[in-house]
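Residue numbers (our numbering), protein chains in the order written: chain A, 106 to 304; chain B, 499 to 663; chain C, 43 to 442.
Quick notes on the structure that follows.
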Amino acid sequence: MFGSGLIQGLAVTAKNFVGSFHDPKRLTTTQYPEQRTVLPEAYRNFPFLVAEKAEDPMGTLRCVACQICEKECPPQCIYIEKSKDKKPDATGKMQIYPVVFDIDTSVCMSCQICVEVCPFDAIEMDQVFEIATTDRFNGLMLRKEQLTKPNSYFHEIHPTDARDVDARLAADRKAAEDKARVAAAAKAATPPKPAAPTP
Amino acid sequence: MINFAFALIAFLLLASAATAMALRNIIHSALLLVVSWFSLAMFYLWAGAEFAAFAQVLIYAGAISMVVLFAVLLTQRTLGDFTLAPESRRRALAAVLAGAAVAAAMAYAVLNSSLAVASTPAPTVTVREIGEQLMGPQAAALLVVGAILTVALVGAVVIAAQEKK
Amino acid sequence: MTWATDSYLEWAPMLLRDWISGFFPSALRGVINDLIAIVAILAVSGLLFAFLTLAERKILGRIQNRPGPNRTGPFGLLQPFADGIKMLTKEDIVPRAADQLLHFLAPVVLVAFSLLTFAVIPYGRHLVPVDLDAGVLYFFAASASTELAVFMAGWASHNKYSLLAAMRALAQLISYELPLLLSIVPVILAAGSLSPSGIVAAQGVWTLGVLPHWYVFTPWGFAGFVIFLISALAESNRSPFDLPEAESELVAGHLTEYSGFKYALFFMAEYFGMCALNGLGVTLFLGGWQAPCAFLEFIPSYVWFGAKLLGLLLGFIWIRATLPRLRMDQLMRFAWKFLVPLSLANLAVAALWQLGAGWSEPLQLVRWAGAIAILAGTFWALGRKLSTGFGPRVYQYAPS
């Protein structure tokens, strides 16, 4: 009948109105900032640099300033300056380190390409989004000190990815150790070269 | 005796009508004409004829003003084509003379008529009495007016509904 | 129950008014009484407008599964004042090519005539500002004059789109005036008077003390009330008839070139028109300030009026939240091909109803059944005519 659809529509909105007072499905707003929605694990925002140990973050960066992420970044928001000297990294080996590592978060488009191309799993995606600032030019430029966060933090925000990365790094390290041990054993097992005859 | 309210309303009516004639911009003239209709309604209220006053506003200012404005807008070619100038000075002079002649004739007729000035107060007519008059002695007139309006409406619909071939 | 109708609460507004005008010399008392009535209407309608905007936003929000404004003040109660301050501090831009005088006058004329319509509505037993004999006619005369302001706004903006939108708005307003007036005529027929207080008094009878004789409880009254509500929605440019002021239609229609306080005035005039039309609907169909049952008369009459008015306003907000906007041709078709014939049939049914006023008991059933049958049949037939005939659209002026 003419108008029956209207009455049904009015009934639907009335149900919504009454339900919004007692049914949580019918009032789905979270009162930010007093309440926060739970973000999914794969949520990403801006990158951060992973440091192995929380006690000495600046000295245990995984980044070796290879500058691959700087070259691959589509909006070119990463700026890296290599060091001229070498410092020991987390495993004690002497490595080049980045002196300057800047990311301009007002340009970064969260595409995660830098994470995908990094051969050392040194850069990962963070989940912080409340970085609004009143300083228009420098406030959104994150420097190396602000970007460095420990591996434990990575485990907190992306547990699955962190476990995978750690497993892969451990496997690589084990494979490298095995290879070195096999090489050393092979070297020790070969008979010593006969001494040159003394004239 | 002319009292203050009468003088004020008369001034408003005459001034708005005169300015409506004198202005170049047609839309301004039309709106000033609407003001003169409002002041006529105020006249009716001052004289105690409530029904006539509200009917005047409802019909003139509510409907006929729309007709006038639509007619003005639909017969103009461009948005700026709204000011008029007299085509030549002789025509303007002839128009003024003709208008003055008509006004003089009407003033003569009104002033020399044999209607006496009312010494008894005018009766206040209520809406009920108007209704009873319309349904009783004046019913034939009402039906004729209704028929005329229906014919006009049907004619307008027929003219508007003719498709352009 | 004269003790209820003469109670202290009923007379309280009058006593307050007399106390205030007692400070002035007795020659001025009449003028001061009228001034107090004007100030009271302005204050109450201003506050009603403010909190109605808030109620609308919160109710719309709750229907749309969100809370509405709740940050400014507790439960968002200070939101209207924040909006007011925002509107007042905006820059008032007038286009250089616009007709300056008309551009300024349009919102003024609109608000003035909208406020004039508040003068004849009886808010309580002793609370009619002006008790006119032809009050209903005055109400419609004043609200017809607001259409002029719409034209002035569209024309004075010197903007093709504003003019076009103003023409559309005018067409809508004029089309829906006809069902509005036609749905009122049966009420005047039944009450025998054009004065709102007379109409309210004619509805002040109860069957068995509990069934009120409001006109909405008669077949023609119910149909008339529904037609009146739909036409009132269209006359105040509310959803689903808000084509003139929709944001996606010609920007803001005839209001495009208005900013700041003038826009607030247009907004205010729309709400005033809505409140006034609802007030008239309460007066004509819902018994005005009458209580629904005779024993409830101890509650003051203005409280009953306010409650009924709020109910209608909340109904308008509910309808806005539910229905999508009507297109221009759908709107016009609905007015001319459905509402006008239905209201004419309603008028005929009401006239026949009045003929049968003195019939005996069994014939009363015939009276009710006959009225309901004729109205339902007309509604069904017109509804079928309006809902059929959908096919591929024919463009009258397109080159084929």
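From the three backbone atoms N, C-alpha and C, an ideal C-beta is built for every residue, glycine too.
C-alpha gap between residue i and residue j, whole angstroms
{"i": "C/P282", "j": "C/A211", "result": "13 Å"}
{"i": "C/I135", "j": "C/K304", "result": "10 Å"}
{"i": "C/I241", "j": "C/F337", "result": "21 Å"}
{"i": "C/F347", "j": "B/I657", "result": "48 Å"}
{"i": "C/L368", "j": "B/A528", "result": "32 Å"}
{"i": "C/A390", "j": "C/G177", "result": "24 Å"}
{"i": "A/F126", "j": "C/V324", "result": "29 Å"}
{"i": "A/A116", "j": "C/L190", "result": "38 Å"}
{"i": "B/M564", "j": "A/L245", "result": "59 Å"}
{"i": "B/W535", "j": "B/A516", "result": "13 Å"}
{"i": "C/L351", "j": "C/L319", "result": "10 Å"}
{"i": "A/I201", "j": "A/P179", "result": "25 Å"}
{"i": "A/K192", "j": "A/L154", "result": "17 Å"}
{"i": "C/Y257", "j": "C/A195", "result": "38 Å"}
{"i": "B/L572", "j": "C/A213", "result": "14 Å"}
{"i": "C/N112", "j": "C/A97", "result": "11 Å"}
{"i": "C/W53", "j": "C/D175", "result": "23 Å"}
{"i": "A/D209", "j": "A/Q217", "result": "14 Å"}
{"i": "B/G629", "j": "C/M209", "result": "35 Å"}
{"i": "A/R107", "j": "C/E219", "result": "The sequence given here has Phe at residue 107 of chain A, not Arg. Answer to the nearest angstrom: the Cα atoms are 22 Å apart."}
{"i": "B/L543", "j": "B/A553", "result": "11 Å"}
{"i": "C/F66", "j": "C/S237", "result": "31 Å"}
{"i": "A/K279", "j": "A/V204", "result": "30 Å"}
{"i": "A/Y258", "j": "A/A272", "result": "16 Å"}
{"i": "A/F225", "j": "A/L144", "result": "27 Å"}
{"i": "A/E177", "j": "A/E157", "result": "24 Å"}
DSSP three-state assignment for residue i, whether helix, strand or coil
{"i": "C/W248", "result": "strand"}
{"i": "C/N75", "result": "helix"}
{"i": "B/L512", "result": "helix"}
{"i": "C/L253", "result": "strand"}
{"i": "B/N523", "result": "strand"}
{"i": "B/A645", "result": "helix"}
{"i": "C/A140", "result": "coil"}
{"i": "C/A440", "result": "coil"}
{"i": "C/L428", "result": "helix"}
{"i": "C/M43", "result": "Because C/M43 sits at a pLDDT of 47, beneath the cut-off of 50, its placement in the model cannot be relied upon, and the point is left open."}
{"i": "C/A294", "result": "strand"}
{"i": "C/E133", "result": "coil"}
{"i": "C/P434", "result": "coil"}
{"i": "C/N279", "result": "coil"}
{"i": "C/P342", "result": "coil"}
Contacts of residue i in chain C (Cβ-Cβ under 9 Å)
{"i": "B/E630", "result": "Here the premise fails: no neighbours, minimum Cβ distance about 11 Å."}
{"i": "A/S211", "result": "Those within 9 Å of A/S211 in chain C number zero; the least Cβ separation is about 28 Å."}
Closer than 8 Å at the beta carbon, the chain B residues around residue i
{"i": "C/L326", "result": "Correct list: empty, because the minimum Cβ distance to chain B is about 16 Å."}
Under 7 Å from the C-beta of residue i: neighbouring residues of chain C
{"i": "A/T142", "result": "Within chain C, no residue comes near A/T142; the closest Cβ sits about 14 Å away, beyond 7 Å."}
{"i": "B/E548", "result": "L174, D175 and A176"}
Where residue i meets chain A, residues with beta-carbon distance less than 8 Å
{"i": "C/P443", "result": "No information on residue 443 of chain C is available, as it lies outside the stretch 43 to 442 that chain C covers here."}
{"i": "C/R435", "result": "Those do not exist, as C/R435 stays about 21 Å from chain A at its closest Cβ, beyond 8 Å."}
{"i": "C/G443", "result": "Any answer about residue 443 of chain C is impossible in this case: the structure gives chain C only from 43 up to 442."}
{"i": "C/R71", "result": "Those do not exist, as C/R71 stays about 48 Å from chain A at its closest Cβ, beyond 8 Å."}
{"i": "C/W422", "result": "M106 and F107"}
Closer than 9 Å at the beta carbon, the chain B residues around residue i
{"i": "C/L157", "result": "In chain order: nothing, as chain B lies at least about 16 Å away."}
Cross-strand partners of residue i (DSSP beta bridge)
{"i": "A/L154", "result": "A/I228 and A/T253"}
{"i": "A/M246", "result": "A/D209"}
{"i": "A/Y184", "result": "A/D207"}
{"i": "A/P193", "result": "A/M199"}
{"i": "A/L166", "result": "A/A156"}
Chain-ordered chain C contacts of residue i [CB-CB under 8 Å]
{"i": "A/T134", "result": "N107, R108 and P109"}
Interface partners of residue i on chain A, CB under 7 Å
{"i": "C/S429", "result": "F107"}
{"i": "C/R280", "result": "Near C/R280 there are no residues of chain A at all, since even the closest Cβ is about 15 Å away, more than 7 Å."}
Contacts that residue i makes with chain A (C-beta to C-beta distance below 9 Å)
{"i": "C/A333", "result": "Within 9 Å Cβ-Cβ: nothing; C/A333 doesn't reach chain A, min ~26 Å."}
{"i": "C/W401", "result": "Within chain A, no residue comes near C/W401; the closest Cβ sits about 31 Å away, beyond 9 Å."}
Chain B contact residues for residue i, given Cβ-Cβ distances below 7 Å
{"i": "C/Y180", "result": "F552"}
* Which of the residues in the stretch 183-194 of chain C, read from start to end, lie with their CB under 8 Å from any CB of chain B? -> A183, A184, A186, S187, E189, L190, F193 and M194
* To do: Output, in sequence order along the chain, the residues in the stretch 198-217 of chain C whose CB is closer than 8 Å to any CB in chain B.
  => H200, K202, L205, M209, L212 and I216
* Within 8 Å of chain C by C-beta, residues of the stretch 634-660 of chain B in sequence order -> none
* Just by C-beta distance, which residues in the stretch 231-252 of chain C are closer than 7 Å to chain B? -> L236
* Using a Cβ-Cβ cut-off of less than 9 Å, give me the residues of the stretch 531-560 of chain B that come near chain C, in sequence order. => V532, F536, A539, E548, F549, A551, F552, A553, Q554, V555, L556, I557, A559 and G560
* Asked: What are the residues of the stretch 351-374 of chain C that lie near chain A, defined by any Cβ-Cβ distance shorter than 8 Å?
  -> W360, I361, A363, T364 and L365
* To do: Name, going along the chain, the residues of the stretch 252-278 of chain C whose beta-carbon falls closer than 7 Å to a beta-carbon of chain A.
  => none
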